[in-house]
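Have a look at the structure below, then the notes.
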Amino acid sequence: MKSESISRNGESALRRAAMDYLARREHSFYELKKKLHTKFPQVKTDLIHDVVHALRVENLQNDERFVESYSRYRKSRGFGYRHIRHALKLRKVENKQVDKYLVLNDSEWVELAMSVIRKKWGGRRPAEMTSIERSKIIRFMESRGFLFSQIDQAMTLL
């Protein structure tokens, strides 16, 4: 009887902590489990999984919402398709959910690449730059997760 009440108290503390995390921002299923396990190392992994699964059933935790929110935020910070996709993969989000919100051949990536290039290099056009400067732009943009085809198209349009 006593261990059952301890279990209920632990479960409610887990749920409260999970709700606090979700109130701040969206989290993936895996990310939320990992944070709860870090905060409550003495609690069994199965109990943490059950609590997070219950939140998912109640639609308080939703990987689709997480993907939408995360990808919108990272796009606004100037990151490209590959960078965002890789970050979502690290957070163990299913590919089919990622594919709903990240479309590789979307013209939005070229527009985003153009705005990042303008912000980083001011009003200078890539056509006016030396090959070394253009190479720096390409390396920077690739490190941000843009594909070469997107970078090339953005530099041509600028």
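No gaps in the numbering here: position 7 of the sequence shown is 7 in this note's numbering, and each next residue is one more. The beta carbon of each residue, even a glycine, is placed where N, CA and C say it ideally should be.
Query                                                                                                                                            : Result
Decide if Ile151 is buried, meaning its Cβ has at least 16 other Cβ atoms within 10 Å, or exposed.                                               : buried
Quick check: Ser69 and Glu26, are their CB atoms within less than 8 Å of each other?                                                             : yes
Roughly how many angstroms lie between the CA atoms of Asp20 and Phe40, to the nearest whole one?                                                : 14 Å
Ignore the nearest five residues each way along the sequence and tell me which others in Trp109's own chain have a CB closer than 8 Å to its CB. : Gly80, Tyr81, Phe146, Leu147 and Gln150
Just curious, the alpha helix (DSSP H) that Met141 is in, first and last residue?                                                                : Ser131 to Ser143
Where does Asp46 land, buried or exposed, given buried means 16+ other C-beta within 10 angstroms?                                               : exposed
Would the segment 137-146 count as touching the segment 110-123 if we require 3 or more Cβ pairs under 8 Å?                                      : yes
Less than 8 Å between the C-beta atoms of Val93 and Ser135, yes or no?                                                                           : no
Given that a residue counts as buried once 16 or more other Cβ atoms are within 10 Å of its Cβ, and exposed if not, what is Arg24?               : exposed
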